[in-house]
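Working notes, beginning with the structure itself.
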Amino acid sequence: MARGGRGSGGGRRSYSAPRASRAPPPAPRQAAAPAPAAGGGILSTIADGWLWGTGMSMANRAMDAVFGPRKFEIEHTAAGAAAAPAMGGGGAPPPPPSNSPCDVHAQAFQDCINDNGSDISRCQFYVNVLNDCRRNGQVAVVQA
């Protein structure tokens, strides 16, 4: 006689654990890739550096376009601080006495640099005259 519609059986039922599926067999080993040529690493490094340099250059140009060109001004505070108390007043110290025939051209070049600090290409004429004077050892007469 069966009770409650369940199958007849007199005691415990044993449940078997579900069967574990078998793991797939390991994949066959692939052959190792051949080593790159000796120049491959160097060439890729050079190309990488070239690309980084180009990108940085383009980024600098873009920033210059947005914010304007950069200006560098150099202040010599140590020399200026020591000379100012000795002068007793304001203003630039007088130039030292001229010993060389080319000092006139050197002073003109220095004045040009002071006036056009960020655009040194405007002083090329003075550099050429100064170099000619130093090579030939004579003062060139410059007419305006």
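Residue numbers (full-length UniProt numbering): 1 to 144. Every residue, glycine too, gets a C-beta built ideally from N, C-alpha and C. These numbers were taken from a predicted model, which means no experiment stands behind them.
Review point. For the 8 Å Cβ check, are there 3 or more pairs between the segment 48-60 and the segment 101-113?
Key: No, the segment 48-60 is not in contact with the segment 101-113.
Check your understanding: When the Cα of P69 is compared with those of C123, N128 and D119, which residue comes out closest?
Key -> D119
Point to revise | Other residues of its chain near C123: CB distance less than 8 Å, five sequence neighbours each side excluded | key: F109, C112, I113 and N116
Review point. Alpha carbon to alpha carbon, how far is N136 from L130?
Key: 10 Å
**Study point:** Three-state secondary structure (DSSP) of N116
**Key:** coil
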